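Heads up: the sequence shown begins at 1 in the UniProt record's numbering, then just goes up one per residue.
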Amino acid sequence: MGIYKSPQSNLDNAIDLISTELDKIHNPNNPIVIMGDINVDSLTGNNDKQTLAEALEGYNIKRLELPATRITHQSRTSIDFICTNLNEEQVTCNVTTTGLSDHTAQVCRIMAEKEKTTTNVTMRRIVNENSMEEARRMLAAQDWNVVTAKENTDEAFNAFDSIMRFVMDTACPYKQIKIKTKDGKRRLWDAESLQLKRSYLEALNREILTGNDDDKRNTALMKKNYDLKLKDLRKQQNVDFVEQAENKT
């Protein structure tokens, strides 16, 4: 479940909304993960922190400990959260600086058993140069009188069909083939964009440490360069996707 509570909104109202949604989906056997910006700091002792914890506890859900998720030159607060009813051994979480906002990104990994999947297979004849050469050799060695001697058209066809099936089943037998699926991932990054991202994050960290106006302007410039590069990459990716599509109608 994704959550956002603005700094000005009432926590009790937010908890009521969360409870309403949990009542719809809650089942002791179902794993639940709640993530988002709750605007309740977990690094300091306060009434809101306790109120939230008690509300979640009613559903056997616990707020996991996270380091500061919003860092400025003047403050460090952990106002984003990851909550779950899973055992702590089943969940790992961390935060990472992305530069997408003034909050860090929260990453949650769930250790779950992988469902057994059935491999898609099909039956196909193996047709290649060698198999076709073998088929030609066998056809050349056939006695076609068993076909041409038939006066009845249906009987002649059946005799011809029998020979062709025997030849094809021998030279090009059906075999089980795994169906390959296309990679659905559309990769966006390149070396230049990764370098621009690193430069932007370095500038952002410097701005957080110093609060200097020059560092703020440099961060804005680095972000602009990075955003423009990503915009160009997305345009090119869309062009490539259309050009490579099998169905262009």
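By construction, the Cβ of each residue, glycine as well, lies at the ideal position given by its N, Cα and C atoms.
Bear in mind that the values here come from a model prediction, so they are computed numbers and not experimental data.
In its own chain, which residues sit with a C-beta less than 7 Å from the C-beta of SER78, not counting the 5 before and 5 after it? ASP41, SER42, LEU43, LEU66, PRO67, ALA68, THR69
Can you give the Cα-Cα distance for GLU207 and LYS231, rounded to whole angstroms? 25 Å
Please tell me whether CYS83 and LEU56 are closer than 8 Å, where the distance is taken between their beta carbons. yes
State whether the segment 119 to 130 contacts the segment 160 to 174, with contact taken as three or more CB pairs (one from each stretch) at a distance under 8 Å. yes
Under three-state DSSP, which class holds ALA105? strand
To which residues of the same chain is LEU64 closer than 6 Å at the C-beta, ignoring the five residues directly before and after it? ILE82, CYS93
Can you check DSSP and say which residues form a bridge with LYS175? ARG124
8 Å CB neighbourhood of SER193 in its chain, flanking five on each side removed: TYR226, LYS229, LEU230, LEU233
Could you tell me if GLN106 is buried or exposed, where buried requires 16 or more neighbouring beta carbons within 10 angstroms of its beta carbon? buried
Please report the distance separating the alpha-carbon of SER199 from that of LYS216. 13 Å
In the structure shown, what three-state DSSP assignment does THR92 receive? strand
Quick one, are the C-beta atoms of LEU209 and THR219 less than 8 Å apart? no
Rounded to a whole number of angstroms, what is the C-alpha to C-alpha distance between HIS103 and ASN120? 43 Å
Nearest candidate by alpha-carbon position, reference GLN236, set SER19, THR97, LYS224, ASP190: ASP190
Which residue spans inside the UniProt domain "Endonuclease/exonuclease/phosphatase" (3 to 104) form an unbroken beta strand (DSSP E) run of at least 3? 33 to 37, 80 to 84, 91 to 96
Taking the alpha carbon of ASP161 as the reference point, which residue from ASN47, VAL147, GLN176, LEU201 has its own alpha carbon closest? VAL147
Can you tell me whether MET164 is buried or exposed, with buried defined as 16 or more other CB within 10 angstroms of its CB? exposed
SER9 to HIS73 span [Cα, whole Å]: 25 Å
Quick check on the DSSP output: the alpha helix (DSSP H) that includes ALA191 runs from which residue to which? 191 to 210
Apply the 10 Å Cβ neighbour rule to LEU196 and answer buried if 16 or more other Cβ atoms are within range, or exposed otherwise. buried
Residues near GLN142 in its chain [Cβ-Cβ closer than 8 Å; skip 5 each side]: ILE163, VAL167
Would you grab the beta carbon distance between THR51 and LEU201 for me? Rounded to a whole angstrom, and I think it's under 8 Å. About 35 Å separates the two Cβ atoms, so there is no contact after all.
With C-beta atoms as the reference, is GLN90 less than 8 Å away from ILE110? yes
Just tell me which of ASN30, TYR4, ASP48, ILE32 has its CA closest to the CA of ASP12. ASP48
Contacting residues, own chain, Cβ-Cβ under 7 Å from ALA14 (five flanking each side not counted): LYS5
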